[in-house]
Amino acid sequence: MFTGLIETLGTVRSFRQTGAYYTMTIEAGFSSELVTGQSVSVSGACLTVTRNDAKTFDVEMMRETWVRTWFGRHMRSGVRVNLERAMRITDRLDGHLVLGHVDGIATLREIRGRETREAVFVPDDRELLRGIVGKGSVAIDGVSLTVIDAGDNSFSVGLIPATLGATALGELKAGSVINLETDILGKYIARLTEYQPKKKKGDYLASLLSL
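Right under this line is the structure:
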């Protein structure tokens, strides 16, 4: 479990396929503090540490992760990634609950404004928009952000200078592809309202709201 507040930026030094898995080597400032088996969010994907030394660490992922994220299409040596270690149960939850389970990818259509910016994204799978609501939360490459607007084909988020300066989001431009994770609470509500064989969706949603 993560908060969506990025600890540091890392640099991918290599990536390779090892049997049924893919291995990525990342250089990061906290590499020496990691432990084998620990979870790290790499641009929004929860991955397991398999090796580390004073400067770099390795993470492994299955093909499902490689295909579902932008890693499989745009990964290259030297690219920077957002990094966050798993939250402690006693930590303040300053972002929102981020699982590190990427739902899919989205493409940046445009950025509006100069200082405080509004970034508009179009998901590859438009069904993901069902889990995105205005003033709700999403994780973009692992960064917890507030949704400004959610439409039928796209959604937008606000990007303040502090976020742009501390994360790899500052390098985004029109056409950039990001990892998208929608809010876990929205996923549960969507699932509960769509699968109710003995009740109408509207009736069940009303019972939820009355709790």
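The opening residue of the sequence shown carries number 1215 in this note's numbering; numbering runs sequentially from there. Yeah, the Cβ is synthetic: ideal placement off N, Cα and C, and Gly gets one too.
Length of the line joining the Cα atoms of residue i and residue j
i: Ala1268; j: Cys1260; result: 21 angstroms
i: Thr1381; j: Arg1340; result: 26 angstroms
i: Val1336; j: Asp1305; result: 33 angstroms
i: Thr1262; j: Gly1224; result: 15 angstroms
i: Val1361; j: Phe1244; result: 30 angstroms
i: Val1281; j: Gly1379; result: 29 angstroms
i: Asp1338; j: Trp1284; result: 11 angstroms
i: Ser1390; j: Ala1376; result: 20 angstroms
i: Gly1215; j: Ala1300; result: Reading off the sequence shown, one finds Met at residue 1215, where the question assumed Gly. Each residue's Cα considered, the two are about 6 angstroms apart.
i: Arg1302; j: Ser1253; result: 12 angstroms
i: Val1295; j: Ala1234; result: 23 angstroms
i: Glu1385; j: Tyr1402; result: 33 angstroms
i: Arg1287; j: Arg1277; result: 12 angstroms
i: His1310; j: Ser1255; result: 14 angstroms
Residue j beta carbon less than 8 angstroms from that of residue i
i: Val1312; j: Glu1395; result: yes
i: Val1357; j: Leu1399; result: no
i: Thr1407; j: Gly1372; result: no
i: Val1226; j: Ile1240; result: yes
i: Thr1222; j: Leu1297; result: yes
Neighbour flag for residue i against chain D, beta carbons, 8 angstroms
i: Val1293; result: As a matter of chain content, chain D is missing from the structure shown, which is built from one protein chain.
When the options are compared against residue i, the one with the closest alpha-carbon
i: Ala1353; options: Ala1320, Pro1375, Arg1331; result: Ala1320
i: Ser1257; options: His1288, Ile1392, Arg1287, Tyr1402; result: Ile1392
i: Met1289; options: Ala1404, Glu1332, Ser1228; result: Ser1228
i: Glu1332; options: Glu1241, Ala1364, Met1301; result: Ala1364
i: Thr1270; options: Ser1291, Ile1374, Ala1242; result: Ala1242
Contacting residues, own chain, Cβ-Cβ under 8 angstroms from residue i (five flanking each side not counted)
i: Leu1342; result: Asp1317, Gly1318, Ala1320, Leu1394, Thr1396
i: Gly1327; result: none
i: Val1334; result: Leu1322, Arg1323, Glu1324, Ile1325, Arg1326, Ser1368, Phe1369, Ser1370
i: Lys1387; result: Leu1322, Ile1325
i: Asp1366; result: Arg1340, Leu1343
i: Ile1346; result: Val1352, Val1361, Ala1364, Phe1369, Thr1396, Asp1397, Gly1400
i: Thr1279; result: Tyr1236, Ala1259, Leu1261, Phe1285, Val1316
i: Gly1348; result: Val1361, Ile1362, Asp1363, Ala1364
Residues near residue i in its chain [Cβ-Cβ closer than 6 angstroms; skip 5 each side]
i: Thr1237; result: Arg1230, Asp1272, Glu1274
i: Ser1246; result: Ala1268
Same chain, Cβ closer than 7 angstroms to residue i, neighbours up to 5 away in sequence not counted
i: Asp1308; result: Thr1217, Leu1219
i: His1315; result: Cys1260, Glu1395
i: Ala1404; result: Arg1344, Gly1345
i: Gly1251; result: Thr1262, Val1263
inquiry  = Which complete alpha helix (DSSP H) runs does the region 1227-1313 hold, if anything under 4 residues is left out?
reply    = You should have 1277-1282, 1285-1288.
message = Could you tell me which whole beta strand (DSSP E) segments of length 3 or greater appear in the region 1350-1406?
response = Counting only runs of 3+ residues, the beta strand (DSSP E) found wholly inside the region 1350-1406 occupies 1351-1354, 1357-1364, 1369-1373, 1391-1396, in chain order.
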